[in-house]
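**Q**
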Amino acid sequence: MDVGADEFEQSLPLLQELVLGADVGLDIEFTGLRSNLSGPQQISLFDLPSEWYLKTRQSVQQFTICQIGLSVFSSIEGESNKYVAHSCNFFLFPTTFGILDSEFSFQASSVQFLNQYGFDYNKFLKNGIPYMNEEQEKKIKHSILTGNWRVRSSLDKDQIKAVIDEVTRWLDLAEEGDWMALPGVTGFQAFEVQLVLRKALPDIWTVMEDEGVTVKKVSKQHRWYLENTSCDRESCWKEKILLSARGFSVFFQMLVKAQKPLVGHNMMMDLLHLHEKFFRPLPESYDEFKLNIHNLFPVLIDTKNVTKDIWKELNFPRASNLSEVYEFLNSDLNPAKNSGPVIIHASRCEKYVETKCPHEAAYDAFLCGSVLLKVAHLLLWRVHGALPIPEPSFPLYLDVLAPHVNQVNLIRAGVPTINFSGPDDPSIRPPILVVTVRRWPRVSEQQVYHEFQNLGKFDVRRLAGSQFLLLTKKFKDTRSVLKEYRCHPTLQVSVYRYWRHSPNVSCLLQVCGVVTTWAFIAFLLGRARP
Numbered sequence: 000m001d002v003g004a005d006e007f008e009q010s011l012p013l014l015q016e017l018v019l020g021a022d023v024g025l026d027i028e029f030t031g032l033r034s035n036l037s038g039p040q041q042i043s044l045f046d047l048p049s050e051w052y053l054k055t056r057q058s059v060q061q062f063t064i065c066q067i068g069l070s071v072f073s074s075i076e077g078e079s080n081k082y083v084a085h086s087c088n089f090f091l092f093p094t095t096f097g098i099l100d101s102e103f104s105f106q107a108s109s110v111q112f113l114n115q116y117g118f119d120y121n122k123f124l125k126n127g128i129p130y131m132n133e134e135q136e137k138k139i140k141h142s143i144l145t146g147n148w149r150v151r152s153s154l155d156k157d158q159i160k161a162v163i164d165e166v167t168r169w170l171d172l173a174e175e176g177d178w179m180a181l182p183g184v185t186g187f188q189a190f191e192v193q194l195v196l197r198k199a200l201p202d203i204w205t206v207m208e209d210e211g212v213t214v215k216k217v218s219k220q221h222r223w224y225l226e227n228t229s230c231d232r233e234s235c236w237k238e239k240i241l242l243s244a245r246g247f248s249v250f251f252q253m254l255v256k257a258q259k260p261l262v263g264h265n266m267m268m269d270l271l272h273l274h275e276k277f278f279r280p281l282p283e284s285y286d287e288f289k290l291n292i293h294n295l296f297p298v299l300i301d302t303k304n305v306t307k308d309i310w311k312e313l314n315f316p317r318a319s320n321l322s323e324v325y326e327f328l329n330s331d332l333n334p335a336k337n338s339g340p341v342i343i344h345a346s347r348c349e350k351y352v353e354t355k356c357p358h359e360a361a362y363d364a365f366l367c368g369s370v371l372l373k374v375a376h377l378l379l380w381r382v383h384g385a386l387p388i389p390e391p392s393f394p395l396y397l398d399v400l401a402p403h404v405n406q407v408n409l410i411r412a413g414v415p416t417i418n419f420s421g422p423d424d425p426s427i428r429p430p431i432l433v434v435t436v437r438r439w440p441r442v443s444e445q446q447v448y449h450e451f452q453n454l455g456k457f458d459v460r461r462l463a464g465s466q467f468l469l470l471t472k473k474f475k476d477t478r479s480v481l482k483e484y485r486c487h488p489t490l491q492v493s494v495y496r497y498w499r500h501s502p503n504v505s506c507l508l509q510v511c512g513v514v515t516t517w518a519f520i521a522f523l524l525g526r527a528r529p
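Just so you know, we're using numbering that gives the first Met the number 0 here: the sequence shown kicks off at 0 and counts up by one.
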């Protein structure tokens with residue numbers, strides 16, 4: 000089910016009911032992923048989680064969300080281990096009202112990628128649901144409720160001026176009780192038009208209709224009466240404006256309040272954008288970010304992290320994406336397939352019954368939730384072995400998933416996961432290698448990278464002078480390099496030892512050596528005196 004600005008408010012009661020389901024699958028599509036940063040600003044395997052966060056934070060602030068997919072899984076009462084999935088695509092566009100006018104970038108590769116999978120940019124640009132974070136909400140609330148607001152662009156000013164001229168001409172000839180329609184004036188422009196007309200013309204009243212705005216000529220006494228007694232009085236009306244301006248942020252707060260498990264696949268970027276776009280601007284402190292996310296969503300489950308270990312244990316074929324993970328779990332390779340959960344699509348959400356739509360947000364969200372249920376059942380099957388499995392239920396699935404809760408996969412960093420409910424685990428990466436280059440003047444990091452690229456994917460960082468650090472995610476690649484370059488005439492490779500290779504330690508030892516030498520000389524000279 001696709002939901003844009005035109006359908007969103009009518010869908011809210013249903014959405015509020017849905018978030019009370021068992022768990023929520025999430026996927027987000029962006030206008031870009033990462034800024035084209037170079038040098039030290041690029042993410043790398045050398046990054047601590049806090050360093051990775053600060054580098055990625057810049058990209059999140061630069062790009063925006065164009066589509067959010069949610070798939071809510073609810074157990075069917077009276078039927079064992081059977082779930083119904085409600086999957087929705089929400090097209091989003093930043094709120095542009097009054098003082099709010101966001102700036103964001105497009106990344107050509109991201110646009111091309113989404114285009115390839117049929118993403119409808121018209122729905123994003125023309126009918127995107129507005130949204131804002133808490134700081135933006137405070138600003139717009141203050142400006143709306145105090146009347147200190149402004150029309151946001153010269154185009155709107157021209158359009159609103161034309162509307163005022165049209166109403167003024169009509170007003171000169173109209174009699175009390177007459178009315179006129181302003182068709183095609185909808186959305187926030189309708190709110191702005193009404194604010195301007197009511198402020199400029201004391202003998203009119205405006206009403207929002209489905210087709211546009213209706214203007215009615217009234218006496219000043221009747222106007223006073225309407226302002227003070229009508230359910231459409233200005234203070235109430237301005238609250239409605241704020242509610243519409245908040246848009247998807249209203250549903251975000253419902254999701255937070257429901258405190259349901261949030262499920263994603265490689266969901267770190269999703270969490271960063273959720274914080275930035277709907278909660279508050281990302282803080283500089285990594286620990287503060289973690290705490291905020293944990294308070295918003297106490298139970299996070301990353302299917303990338305969950306499937307990693309069991310994939311190796313059961314010797315499943317390598318899965319390069321979420322769709323392949325889903326296919327393997329639905330195939331005969333899955334030993335618990337026949338006893339696993341049954342998932343059906345809700346009415347009005349049946350698009351994915353026969354159709355695969357990779358990289359459509361709601362479809363990927365559905366895959367996330369389905370993979371979670373199926374892999375949880377597989378874990379339960381593995382725990383009980385030959386013993387009968389107790390009647391599966393979502394609470395039982397959560398118990399078996401406990402080691403993976405709040406462990407979110409981290410792509411290309413010094414640690415493989417981030418723990419949102421406590422301190423991050425220490426690195427389990429292979430050891431760092433140190434490369435000493437001989438007879439190769441002015442060698443660069445890029446040249447060293449190309450030298451080793453045939454043996455694996457390495458990150459390279461200059462240590463000092465002609466020494467470089469090498470790091471990879473795979474232990475076998477580390478062993479291959481040590482073996483291949485054991486007797487190399489130009490490149491000496493060894494495991495990095497802090498006390499042996501650190502420039503700081505070398506400097507300290509040199510200083511200590513100098514001090515010790517001078518102390519010894521002073522001692523000898525002192526003894527030589529009569």
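For each residue, glycine too, the CB sits at the ideal point set by N, CA and C.
All values derive from a computational prediction rather than experimental measurement.
Just list the beta strand (DSSP E) runs in the stretch 287 to 324, keeping only unbroken ones of 3 residues or longer that don't cross its boundaries, in chain order.
**A** 299 to 301
**Q** For the beta strand (DSSP E) that contains residue 22, what are its first and last residues?
**A** 22 to 29
**Q** Span of the beta strand (DSSP E) holding residue 44?
**A** Per DSSP, residue 44 belongs to no beta strand (DSSP E) and is neither H nor E.
**Q** Hey, is the stretch 270 to 280 in contact with the stretch 57 to 67, meaning 3+ C-beta pairs nearer than 8 Å?
**A** yes
**Q** Answer with buried or exposed for residue 474, where buried requires no fewer than 16 other C-beta atoms within 10 angstroms of its C-beta.
**A** Of the residues assessed, residue 474 falls on the exposed side of the cut-off, its CB having fewer than 16 other CB atoms within 10 angstroms.
**Q** Just how far apart, CA to CA, sit residue 0 and residue 392?
**A** 27 Å
**Q** Can you tell me where the beta strand (DSSP E) holding residue 83 begins and where it ends?
**A** 81 to 90
**Q** Considering Cα atoms alone, identify which of 445, 468, 436 is closest to residue 487.
**A** Closest in C-alpha terms to residue 487, from the list 445, 468, 436, comes 436.
**Q** Measure the C-alpha to C-alpha separation of residue 493 and residue 395 and round it to an integer number of angstroms.
**A** 48 Å
**Q** Below 7 Å between beta carbons: does that hold for residue 434 and residue 469?
**A** yes
**Q** Should residue 23 go down as buried or exposed, given a rule of 16 or more other Cβ atoms within 10 Å for buried?
**A** buried
**Q** By the 10 Å Cβ neighbour count, where 16 or more other Cβ atoms means buried, how is residue 410 classified, buried or exposed?
**A** Burial call: exposed.
**Q** Once DSSP output is grouped into helix, strand and coil, what is the label at residue 439?
**A** DSSP places residue 439 outside both helix and strand once states are collapsed to three, so it counts as coil.
**Q** Tell me, which residues are paired with residue 211 by DSSP?
**A** Assignment of beta-bridge partners to residue 211 by DSSP yields 182.
**Q** My parser needs the beta strand (DSSP E) runs of 3 or more residues fully inside the stretch 321 to 361; what are they?
**A** 341 to 344
**Q** Checking 7 Å against the spacing of the C-beta atoms, do residue 263 and residue 308 come in under that value?
**A** No, Cβ-Cβ distance for residue 263 and residue 308 is not below 7 Å.
**Q** Just checking my contact of residue 65 with residue 29 at CB under 8 Å: how many whole Å lie between their CB atoms?
**A** 7 Å
**Q** Rounded to a whole number of angstroms, what is the C-alpha to C-alpha distance between residue 17 and residue 82?
**A** 13 Å
**Q** Would you report the Cα separation of residue 220 and residue 203, rounded to the nearest angstrom?
**A** 11 Å
**Q** Mapping DSSP to helix, strand and coil, what is residue 123?
**A** helix
**Q** Is it buried or exposed for residue 223, if we count other Cβ within 10 angstroms and need 16 for buried?
**A** Counting Cβ neighbours within 10 Å, residue 223 comes out exposed, since fewer than 16 surround it.
**Q** Determine the direct distance from the alpha carbon of residue 100 to that of residue 159, and round the result to whole angstroms.
**A** 18 Å
**Q** Report all residues from its chain with a CB closer than 6 Å to the CB of residue 296; omit the five preceding and five following residues, and keep chain order.
**A** Here the set comprises 261.
**Q** Spatial neighbours of residue 324 within its chain, please: C-beta separation below 6 Å, excluding the five flanking residues on both sides.
**A** 306, 318, 370
**Q** Which residues in the same chain as residue 33 place their Cβ atom closer than 7 Å to its Cβ, once the five residues preceding and following it in sequence are excluded?
**A** Within its own chain, the residues whose Cβ lies closer than 7 Å to the Cβ of residue 33, once the five positions on either side in sequence are excluded, are 58, listed in chain order.
**Q** Could you tell me the boundaries of the beta strand (DSSP E) in which residue 414 lies?
**A** Here residue 414 belongs to no beta strand (DSSP E), and DSSP marks it neither H nor E.
**Q** What three-state label does DSSP hand residue 65 in the structure shown?
**A** strand
**Q** Since residue 205 sits in a beta bridge, which residues does DSSP pair it with?
**A** 214
**Q** Excluding the 5 residues preceding and the 5 following residue 254 in the sequence, name in chain order all residues of the same chain whose CB lies nearer than 6 Å to its CB.
**A** 18
**Q** Would you mind sorting residue 31 into buried or exposed? The rule is 16 or more other CB atoms within 10 Å of its CB.
**A** buried
**Q** Cβ of residue 133 within 7 Å of Cβ of residue 279?
**A** yes
**Q** Tell me whether the beta-carbon of residue 399 lies closer than 7 Å to the beta-carbon of residue 378.
**A** yes
**Q** Would DSSP call residue 10 helix, strand or coil?
**A** helix
**Q** Indicate whether residue 88 and residue 117 have their beta-carbon atoms separated by less than 7 Å.
**A** Contact flag unset, no.
**Q** Take the Cβ of residue 127 as the centre, count every other Cβ of all protein chains shown within 10 Å, and call the residue buried at 16 or more, exposed below.
**A** buried
**Q** In three-state terms, what does DSSP make of residue 245?
**A** helix
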